[in-house]
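Chemist: To start, I am sharing the structure in question, which I have written as structure tokens.
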Amino acid sequence: MQAAETSVDAGEVAKFEAMAAEWWDPNGKFKPLHMLNPCRLDYITAQIAAEFGRDLSSDRPFADLRLLDIGCGGGLLAEPMARLGADVVGVDAAARNIPVAQTHAAQSGLEIDYRHGSAEDLAAAGESFDVVLNMEVVEHVPDPLAYLTTCQLLLKPGGLMICSTINRNAKSFAMAIVGAEYVMRWLPKGTHEWRKFITPDELYGYLDGAGLRPVDRKGFVFNPVSWSWAISPRDLSVNYVTASTKPG
Amino acid sequence: MTFDAEILIAGGGLTGTALALALARAGRSVALIDPAPAAVRAAEDFDGRSYALALASVRMLRALGLAQTIAEHAQPILEIKVSDGRAGEGPSPLWLEFHHAEIEEGPMGHMIEDRFLRRALLAAVEAEPRITHLDGERVVGQAPEAGAVTATLGSGRRLSGALLVGCDGVRSETAKRAGIRRTGWRYGQTALVCALEHETPHHGIAHQFFMPEGPLAILPLPGNRSSIVWTERDDRAEAIQALDDAGYLTALRPRFGDFLGEIGLAGARYTYPLELSVAQDFAAARVALTGDAAHRVHPIAGQGLNAGLRDVAALAQVVDEAARRGEDIGAPDVLARYARWRRFDTAALAAATDGFNRLFSNDNPILRLGRDLGLGAVAHLPRLRRGFIREAAGLTGDLPALMR
């Protein structure tokens, strides 16, 4: 908001406000993310609470935890983490997302350090975090092992990384590409390249190779009857999430 | 964001105070804005009003810390007898009896006088540090913004919060200001409500007589007292209410019968026009509605307060889950979860009580025979009977955690 008041003109501010409203409209362009978000947050908050011994019913349970959200977009994960008391840095490779996320955080009365850049930029700057959120990013990078190694470097010893992605099999092709991109039009066509999808065993291999210790994996399963997502301990066939720690 | 309170509640009646308590116990800060002065809310005399609390509601009130009040002042409903009758003829021979022994959860409900419930909720509110109780204050304006809602009070004071909840009754100003319209109709019937003293004990049995003019419910209170809900056509109800106490009792006796011996009045007499009124939305921008503000159903099955408490338990749970995730508790997707959850239940209840009343408030001999046979059939089918009892006890549907 500081930047919006000093260095950006009023027309730009109005544009950012409109884009922020779009990001945060549960029935708008980002509807699929909004639908998945409670499930993602349930997993993330439970893992952080367990790893760092925090009580989610207390006020600001994540106080004193430094958290990085990679691919922060409009701040759908960064804002809840800041509201729970974490000291949040949000980074996004798309420069246009940064003022949008900043505008919405100011409207929500939250202080979040949003930056345009990449995980590599932060690692080069010597930044380190207790928690790294790495949600729906790894299937878009050219070299997953190199990328996850950078993420490992961003973690403090004893730190926690949550990493979610999409499995590679016939069902995920049908659901994520044919279903979500072509039939439901939840996502723009071409959002995903099926070849780049990663199986849970492959991801465990990459995490291990990056010097992390995988500790948990679960599926996110869409129920077309209740029209909502749920966490499944067994069904990792399409969307899934992992938790890993950096040995301390 | 620093709010004056995370949740602002407009209205300090039973649902408003219960919601304030449920939210505060889950760690939320609450401002309870109640137009009625606390002294009025705390009045001790019995005014004749009482409620039939379904088992699910009793569980919730116990969870909110009212176990002692219920143990000391509530009358368990051990049995419900439903029958079809005509004034002067007594009930038809085909009785429908629901005994609480048929479900393992215990008494299907409790009767409690308004004064005990109201004062216990108020005392719990005063003892709760997370609730700011502003009595004698009314919300006169509301403005939702991107990250907050501001409520303007009659005194000119302004309060900010993440969410404003309208617990302000069937004429909800909160709903009107949010642009939420209502749908519904009058039934052309009025409920005459009062408490009676009677000669012989009621043994914890509630009665529902279906008369052509409308149903008469007799609900047991502690001691040799019962509360009645006596439904008549509007014009007849008006004429009966205009009678003196002796005339009122004379009109009631042929309907009531003599199974409890001599009867007398034990408090003031009330009338409530029967209406169905449902808000077209239970949520709007940074606003949620609970209780009569969301829906007022025909009180035939005594489900008004119970449905309101179910709203309270559902909203408290949705808000608590959102807060634990770090979500903005007043965000549209969070409020949509509450609205979706409660709309389904409410539509089912409104349809059921409306249809029930249309079927029973009728003297058509074919319908009368049909419902006598129907009551008889239900009486002989244990599975169906348990289903009815569970429904009356509020144990069906997707129960909020506070009611389990």
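Protein chains in written order, with numbering that gives the first Met the number 0: chain A, 0 to 247; chain B, 0 to 403. Cβ coordinates follow ideal geometry from the N, Cα and C atoms, glycine included.
Check this for me: beta carbons of Arg324 of chain B and Pro79 of chain A, under 7 Å apart or not?
Modeler: Taking 7 Å as the Cβ cut-off, Arg324 of chain B and Pro79 of chain A qualify as a contacting pair.
Chemist: So what does Cys162 of chain A bridge to, in DSSP terms?
Modeler: Partner(s): A:Asn133 and A:Thr241.
Chemist: DSSP on Trp340 of chain B, reduced to helix/strand/coil?
Modeler: Helix at Trp340 of chain B.
Chemist: My parser needs the beta strand (DSSP E) runs of 3 or more residues fully inside the region 26-77 of chain A; what are they?
Modeler: As far as the region 26-77 of chain A is concerned, its whole beta strand (DSSP E) runs of at least 3 residues are 65-69.
Chemist: Consult DSSP for Ser225 of chain A and reduce its assignment to one of helix, strand or coil.
Modeler: If DSSP states are grouped into helix, strand and coil, Ser225 of chain A belongs with coil.
Chemist: Alpha carbon to alpha carbon, what distance is there between Gly168 of chain B and Ala169 of chain A?
Modeler: Approximately 54 Å, taken between the alpha carbons.
Chemist: Under 7 Å Cβ-Cβ, which residues of chain A neighbour Ala145 of chain B?
Modeler: Within chain A, the residues near Ala145 of chain B are Gln106.
Chemist: How far does the alpha helix (DSSP H) with Asp22 of chain A in it reach, from first residue to last?
Modeler: Looking at the sequence itself, residue 22 of chain A is Trp, so the reference to Asp does not match. Here the alpha helix (DSSP H) through Trp22 of chain A covers Ala9 to Trp22.
Chemist: My understanding is that Gly74 of chain A touches Ala104 of chain A, with C-beta atoms under 8 Å, so please give their C-beta distance in whole angstroms.
Modeler: At roughly 6 Å, the Cβ-Cβ gap stays under 8 Å, so Gly74 of chain A and Ala104 of chain A are in contact.
Chemist: Using 8 Å as the Cβ pair cut-off and three pairs as the minimum, do the region 158-172 of chain A and the region 188-199 of chain A touch?
Modeler: The region 158-172 of chain A is in contact with the region 188-199 of chain A.
Chemist: Could you tell me which of B:Tyr186, B:Leu162, B:Pro106 and B:Phe115 sits nearest to Ala322 of chain B, measuring between CA atoms?
Modeler: Nearest C-alpha to Ala322 of chain B: B:Leu162.
Chemist: Taking Cβ-Cβ distances below 7 Å as the criterion, which residues of the region 28-56 of chain A are in contact with chain B?
Modeler: Against chain B - using a Cβ distance shorter than 7 Å - the residues of the region 28-56 of chain A are His33, Pro37, Leu40, Asp41, Thr44, Leu55 and Ser56.
Chemist: Pick from B:Val164, B:Leu133, B:Val333 and B:Asp397: whose alpha carbon is nearest that of Asp24 of chain A?
Modeler: Comparing Cα-Cα distances from Asp24 of chain A to each of B:Val164, B:Leu133, B:Val333 and B:Asp397, the minimum goes to B:Val333.
Chemist: Do we get a CB-CB distance below 7 Å when we pair Arg167 of chain A with the residues of chain B?
Modeler: Not one chain B Cβ lies under 7 Å of Arg167 of chain A.
Chemist: Taking only beta carbons into account, state which residues of the region 73-95 of chain A come closer than 7 Å to chain B, listed in chain order.
Modeler: Residues Pro79, Met80, Arg82 and Leu83.
Chemist: Compute the Euclidean distance between the alpha carbons of Gly157 of chain A and Arg82 of chain A, then round it to the nearest angstrom.
Modeler: One C-alpha to the other measures close to 23 Å.
Chemist: Does the Cβ-Cβ distance between Leu215 of chain B and Trp229 of chain B come in under 7 Å?
Modeler: Result yes, Cβ atoms of Leu215 of chain B and Trp229 of chain B sit closer than 7 Å.
Chemist: How far does the beta strand (DSSP E) with Thr182 of chain B in it extend, from its first residue to its last?
Modeler: First-last of the beta strand (DSSP E) with Thr182 of chain B: Arg181 to His197.
Chemist: With 16 as the cutoff for other CB atoms within 10 Å, does Ala93 of chain A come out buried or exposed?
Modeler: When all chains shown are included, Ala93 of chain A counts as exposed.
Chemist: How is Leu374 of chain B classed by DSSP in three states: helix, strand or coil?
Modeler: Here the model assigns Leu374 of chain B a pLDDT of 49, short of 50, so the residue's position is not dependable and the matter cannot be decided.
Chemist: Are Ala245 of chain B and Arg224 of chain B closer than 7 Å when you measure CB to CB?
Modeler: Contact: no.
Chemist: Just to confirm, are Leu288 of chain B and Ala174 of chain B a CB contact at a threshold of 7 Å?
Modeler: In contact: Leu288 of chain B and Ala174 of chain B (Cβ atoms closer than 7 Å).
Chemist: Going by the C-beta, is Gly325 of chain B closer than 6 Å to any heavy atom of the ligand FMN?
Modeler: Within the structure as shown, the ligand FMN is missing, as the structure has no ligands at all.
Chemist: Taking the beta strand (DSSP E) that Pro272 of chain B belongs to, which residues open and close that run?
Modeler: Here the beta strand (DSSP E) through Pro272 of chain B covers Tyr269 to Ala278.
Chemist: Note down the Cα distance separating Asp68 of chain A from Glu126 of chain A, rounded to an integer number of angstroms.
Modeler: Near 13 Å, if we compare the C-alpha coordinates of Glu126 of chain A and Asp68 of chain A.
Chemist: Taking 7 Å as the cut-off, decide whether the C-beta atoms of Leu158 of chain B and Leu7 of chain B are in contact.
Modeler: Yes, the pair counts as a contact, with Cβ atoms nearer than the cut-off.
Chemist: For the alpha helix (DSSP H) that contains Tyr181 of chain A, what are its first and last residues?
Modeler: Segment: none, Tyr181 of chain A is in no alpha helix (DSSP H) and carries neither H nor E.
Chemist: State the DSSP-derived secondary structure class of Ala310 of chain B, mapped to helix, strand or coil.
Modeler: Note on residue identity: the sequence assigns Asp, not Ala, to residue 310 of chain B. Correct three-state label for Asp310 of chain B: helix.
Chemist: Exposed or buried, what is Trp324 of chain A when buried is set at 16 or more other beta-carbons lying within 10 Å of its beta-carbon?
Modeler: Residue 324 of chain A cannot be examined here, being either before or after the span of chain A that is shown, 0 to 247.
Chemist: Taking C-beta pairs closer than 8 Å, name the residues in chain A that Glu274 of chain B reaches, listed in chain order.
Modeler: Neighbours of Glu274 of chain B on chain A: none; closest Cβ ~33 Å, over 8 Å.
Chemist: Identify the continuous alpha helix (DSSP H) that holds Leu248 of chain B and give its terminal residues.
Modeler: Taken as a continuous stretch (DSSP letters only), the alpha helix (DSSP H) holding Leu248 of chain B covers Asp244 to Phe255.
Chemist: Do Ala293 of chain B and Ala283 of chain B count as a contact pair if the criterion is CB distance below 7 Å?
Modeler: No, Cβ-Cβ distance for Ala283 of chain B and Ala293 of chain B is not below 7 Å.
Chemist: Does Pro187 of chain A get closer than 7 Å to chain B when you measure Cβ to Cβ?
Modeler: So, not an interface residue.
Chemist: Going by alpha carbons, who is nearest to Leu264 of chain B out of B:Phe45, B:Ala145, B:Arg40 and B:His72?
Modeler: Comparing Cα positions, the closest option is B:Phe45.
Chemist: Distance cutoff 7 Å, beta carbons only. Does Pro223 of chain A sit that close to anything in chain B?
Modeler: Pro223 of chain A does not count as touching chain B.
Chemist: Closest Cβ-Cβ distance between Pro25 of chain A and chain B: below 7 Å?
Modeler: For Pro25 of chain A, the answer is yes, since a Cβ of chain B falls inside 7 Å of its Cβ.
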